[in-house]
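Visitor: Taking numbering that gives the first Met the number 0, the leading residue of the sequence shown gets 0, the next gets one more, and so forth.
Just so you know, even glycine gets a beta-carbon here, dropped at the ideal spot from N, CA and C.
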Amino acid sequence: MAHHRGQPLALELAAASELDEDGHAPRTGNVWTCVAHIITAVIGCGVLALSWSVAQLGWVGGPVAMVCFAIVTYISASLMSHCYRAIKKANCYHDDGRGAPCGSHGDEHLYMLLFGAAQLLLSFIPNFHNMAWLSVIAAIMSFTYASIGFGLGLAKTIENGTVKGSIAGVPMNTPMQKVWRVAQAIGDIAFSYPYTVVLLEIQMFSQQIFSFADRRFAATFPNSAFVNRFYRIRVPGLAVSYKLNLQRLCFRTAYVASTTGLALLFPYFNEVLGVLGALVFWPLAIYLPVEMYCLQRQVLPWTRKWVALQAFSAVCFVVGTFAFVGSVEGVVSKKLG
């Protein structure tokens with residue numbers, strides 16, 4: 000194994016000699032990769048919990064909740080996109096200023112570990128952010144499991160000979176249990192609408208968290224050999240060699256291991272998705288777009304537009320808090336039960 004001091008990591012990530020107008024590596028995406036990313040985000044893993052959520056909310060509340068969250072997502076994505084060209088200002092403002100119950104079974108833990116191992120291997124694909132074909136594969140996979148879910152649901156309905164469910168949703172033993180289930184369902188639905196969170200990444204980078212971490216480490220420690228040095232490893236049977244970076248090895252291994260560990264610790268799909276959805280929904284999907292829009296467009300306090308945006312944010316905060324409390328109660332009940 001031979002090694003050498005390669006170019007700094009920041010230069011590898013920005014291979015071109017020029018930067019774009021917002022100071023980042025030139026965009027390599029196009030309309031097709033953008034559409035693929037949007038499909039992947041909108042038809043994400045959150046859709047797997049929608050059937051359970053509709054069952055809890057009923058045939059009226061379930062569709063109404065999905066429509067409401069779709070409208071909220073559209074509004075917040077619109078606000079966020081208006082701030083795109085002022086991304087330097089946005090950075091400045093930032094710097095300154097998911098149906099069976101999921102129990103703990105050995106098979107599930109094994110599948111989680113296998114999935115984590117696969118993710119660990121995939122995380123070491125070099126320059127993940129430059130692989131446009133990956134967006135197409137991800138979009139195809141999103142269509143695939145959404146179609147599988149639809150097909151299984153349709154087959155079950157045909158097998159039963161009737162459409163089950165009720166207007167009020169799945170009955171519970173006590174009213175409070177029903178309240179918690181409704182809160183969890185709302186959190187799951189919020190998790191299934193993640194478009195706003197990834198909108199700017201699609202517009203700017205079409206990259207994932209690994210690329211962000213690589214750039215951040217390179218900028219913070221420009222003279223560190225641990226961060227910037229690459230070791231060439233020859234792959235048996237191949238004419239090319241693999242460039243190994245210790246910072247990538249450690250960070251990506253720790254990242255995948257931590258997410259796999261959390262899945263093993265809390266194997267409760269619906270409840271965990273509800274917690275994640277509630278946590279992400281208001282701060283990233285509502286509050287940040289609203290505040291960025293107000294600052295970038297210089298919306299004055301107590302004007303009609305400002306009041307409308309703040310009321311929109313406040314209502315979403317209440318909904319997110321309700322969903323978070325109910326989802327946490329679900330996780331605690333499952334863990335202690």
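(1) Which word fits Ala89, buried or exposed, when buried means at least 16 other C-beta atoms lie within 10 angstroms of its C-beta?
(2) How far does the alpha helix (DSSP H) with Lys334 in it reach, from first residue to last?
(3) Compute the beta-carbon to beta-carbon distance between Ser337 and Ile188, rounded to the nearest angstrom, for a pair I have assumed lies under 8 Å.
(4) Closer than 7 Å by C-beta to Arg233: which residues in its own chain qualify, once you throw out the five before and the five after it? Chain order, please.
(5) I need the DSSP call for Leu283, collapsed to helix, strand or coil.
(6) For Val330, I'd like the list of residues in its chain whose CB is within less than 7 Å of its CB, leaving aside the five on either flank, ordered along the chain.
(7) Would you call Ala238 buried or exposed, if buried means 16 or more other Cβ atoms sit within 10 Å of its Cβ?
(8) Whole angstroms are fine: how far does the CA of Val135 sit from the CA of Gln202?
(9) Comparing the CB of Ala224 with every heavy atom of the ligand MN, is any distance shorter than 7 Å?
(10) Measuring CB to CB, does Val59 end up less than 8 Å from Ile166?
(11) Considering only residues of the same chain and omitting the five flanking positions on each side of Val318, which have a CB-CB separation below 7 Å?
(12) Taking only the alpha-carbon atoms, compute the straight-line gap between Leu113 and Ser141 and give it to the nearest angstrom.
(13) Could you give the first and the last residue of the continuous alpha helix (DSSP H) run that contains Ile208?
(14) Of the residues Ala117, Val289, Leu119, Ala182, which one's Cα is nearest the Cα of Phe323?
(15) For the stretch 241–250 against the stretch 212–231, are there 3 or more C-beta pairs whose distance is under 8 Å?
(16) Pick helix, strand or coil for Arg180, following the three-state DSSP scheme.
(17) Where does the unbroken beta strand (DSSP E) through Phe265 begin, and where does it stop?
(18) Ends of the beta strand (DSSP E) at Asn244?
(19) Going by DSSP in three states, Arg233 sits in which element: helix, strand or coil?
(20) Taking only three categories from DSSP, how would you classify Met140?
(21) Identify the continuous alpha helix (DSSP H) that holds Asn227 and give its terminal residues.
(22) Near Lys304, what residues of its chain come up, given a Cβ to Cβ distance below 8 Å and the 5 sequence neighbours on each side ignored?
(23) On the three-state DSSP scale, how would you describe Gln295?
(24) Look at the alpha carbon of Leu78 and the alpha carbon of Tyr292, and state the distance between them as a whole number of angstroms.
(25) Mind checking Thr72: buried by the 16 CB within 10 Å criterion, or exposed?
(26) Just checking my contact of Val162 with Gln55 at CB under 8 Å: how many whole Å lie between their CB atoms?
(27) Should Ile139 be labelled buried (16 or more other beta-carbon atoms within 10 Å of its own) or exposed?
(28) Reducing DSSP to helix, strand and coil, say where Thr252 ends up.
(29) Which of the three DSSP states is assigned to Ile166 in this structure?
Guide: With the given structure in hand:
(1) Sequence index remark: in the sequence shown, residue 89 carries index 90 (1-based). With a pLDDT of 44 at Ala89, under the threshold of 50, the predicted position of this residue should be treated as unreliable, though the coordinate-derived value follows. Flag for Ala89 reads buried.
(2) Position 335 of the sequence shown holds residue 334. 303–335 is the span of the alpha helix (DSSP H), which, as asked, contains Lys334.
(3) The shown model of the chain, from 0 to 336, leaves out residue 337, and the question about it has no answer.
(4) Here residue 233 is taken as the residue at index 234 of the sequence shown, counted from 1. Answer for Arg233: Ser240, listed in chain order.
(5) Residue mapping note: residue 283 aligns to position 284 of the sequence shown, counting from 1. In the structure shown, Leu283 sits in a helix (DSSP, three-state: H, G or I).
(6) Here residue 330 corresponds to residue number 331 of the sequence shown, with the count starting at 1. Excluding sequence neighbours, Val330 sits near Phe265, Tyr267, Glu270, Val271, Val274.
(7) As a first step, residue 238 must be located in the sequence shown, where it is residue number 239. Looking at its Cβ environment, which holds fewer than 16 other Cβ atoms inside 10 Å, Ala238 is exposed.
(8) Your numbering for residue 202 matches position 203 in the sequence shown. Your numbering for residue 135 matches position 136 in the sequence shown. Residue confidence for Gln202 is low, a pLDDT of 45 falling below 50, so the modelled location carries little weight and cannot support an answer.
(9) Because no ligand of any kind appears in the structure shown, any question about the ligand MN cannot be addressed here.
(10) On the sequence shown, position 60 is the one that residue 59 refers to. On the sequence shown, position 167 is the one that residue 166 refers to. Contact: yes.
(11) Position 319 of the sequence shown, counted from the first residue, corresponds to residue 318. Here the set comprises Ile185.
(12) For the purposes of this step, residue 113 is taken as the residue at position 114 of the sequence shown. For the purposes of this step, residue 141 is taken as the residue at position 142 of the sequence shown. Those two C-alpha atoms are separated by around 20 Å.
(13) Your numbering for residue 208 matches position 209 in the sequence shown. Element bounds for Ile208: 208–219.
(14) Numbered from its first residue, the sequence shown carries residue 323 at position 324. Comparing Cα-Cα distances from Phe323 to each of Ala117, Val289, Leu119, Ala182, the minimum goes to Ala182.
(15) yes
(16) Counted from its first residue, the sequence shown places residue 180 at position 181. Helix, per DSSP.
(17) For the purposes of this step, residue 265 is identified with residue 266 of the sequence shown, where counting begins at 1. Here Phe265 belongs to no beta strand (DSSP E), and DSSP marks it neither H nor E.
(18) Within the sequence shown, numbered from 1, the residue matching residue 244 stands at position 245. Run containing Asn244: 240–244, per the beta strand (DSSP E) assignment.
(19) Taking the sequence shown and counting its residues from 1, the one referred to as residue 233 is at position 234. Note: Arg233 maps to strand in three-state DSSP.
(20) Residue mapping note: residue 140 aligns to position 141 of the sequence shown, counting from 1. The answer is helix: DSSP assigns Met140 an H, G or I state.
(21) Position 228 of the sequence shown, counting from 1, holds the residue named residue 227. In the DSSP annotation of this structure, the continuous segment of the alpha helix (DSSP H) that includes Asn227 starts and ends at 224–227.
(22) Translated into the one-based positions of the sequence shown, residue 304 becomes position 305. Hits under 8 Å: Val298.
(23) If you number the sequence shown from 1, residue 295 lands on position 296. The answer is helix: DSSP assigns Gln295 an H, G or I state.
(24) As a working mapping, residue 78 is identified with position 79 in the sequence shown. As a working mapping, residue 292 is identified with position 293 in the sequence shown. Those two C-alpha atoms are separated by around 6 Å.
(25) As a first step, residue 72 is located in the sequence shown; it is residue number 73 there, counting from the start. Looking at its Cβ environment, which holds 16 or more other Cβ atoms inside 10 Å, Thr72 is buried.
(26) Residue mapping note: residue 162 aligns to position 163 of the sequence shown, counting from 1. Residue mapping note: residue 55 aligns to position 56 of the sequence shown, counting from 1. At roughly 16 Å, the Cβ-Cβ gap does not stay under 8 Å, so Val162 and Gln55 are not in contact.
(27) What you label residue 139 is simply residue 140 of the sequence shown in a count that begins at 1. Flag for Ile139 reads exposed.
(28) Walking along the sequence shown from the start, residue 252 turns up at place 253. Residue state, collapsed to three classes: helix.
(29) Locating residue 166 in the sequence shown gives position 167, counting from the first residue. Here Ile166 sits in coil by DSSP.
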